[in-house]
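Before any comments, here is the structure.
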Amino acid sequence: MMVHLYDYAVPIADPAAHVPNLREALGELGAEDRKALLSGLFRPERMPGTMERLSTLVADVDASFADLLALLDNGTRVRKFVAIDEAKTILDRYLTPAAIEGTHDWDVARLHEPYGDGSYHGKLLKRVRKQLRSVSTREALTTPFLLRREWRA
């Protein structure tokens, strides 16, 4: 399945340059926007044909989102990640087009999803399982497989 990807390199937060701190800016998003970011942000490609979610997912959307905000915090360093259209729509509200390093199409065959048990180890959710699964539709890419029932509500 071909997917259009946006490579982000979010600079260090600087109000004078109109670069917000993503942790603060995204903190007040609603549940649907949070789910879109959780399922639409990925690590830069490591293995051909495979995408890996940026953050650990748990049934509690708020806990998963808190983990994601820790990874997106650009208060002290540049943050690099890849987004699909669903997440880009939300990020466009806060970031300028200069945050996008480039775009490309990618043929995705597999998705690597880290899942947690909801407990914390350090600042991030403790990972207890990683699932590698085939992806053939956009819905399969944007819906966490093990959480599809919990996140529909």
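The opening position of the sequence shown corresponds to residue 116 in this note's numbering, with each subsequent residue numbered one higher.
Quick reminder that beta carbons are idealized off the backbone N, C-alpha and C, glycines included.
Keep in mind the model is a prediction, meaning the values are calculated, not measured.
- Taking all protein chains shown into account, do 16 or more other C-beta atoms lie within 10 angstroms of the C-beta of M127, making it buried, or fewer, making it exposed? It should be pointed out that residue 127 corresponds to Ile in this sequence rather than to Met. I127 should be labelled exposed.
- Message: Would D188 and S170 be called neighbours here (beta carbons separated by less than 7 Å)?
- Response: no
- Message: Is the beta carbon of D122 closer than 7 Å to that of V197?
- Response: yes
- Task: Go through its chain and collect everything with a Cβ distance to E265's Cβ below 6 Å, but skip five positions before and after it.
- Result: A174
- Item | Length at least 4, wholly inside the stretch 191–258: the alpha helix (DSSP H) runs in chain order | 200–206 and 253–257
- Spatial neighbours of V176 in its chain, beta-carbon cut-off 8 Å, leaving aside the 5 residues before and after: A146, R149, K150, L153 and W266
- Thinking C-alpha only, which one of A202, L172 and R253 is nearest L144? A202
- Query: Opposite M166 in the DSSP bridges: which residues?
  - Reply: L226
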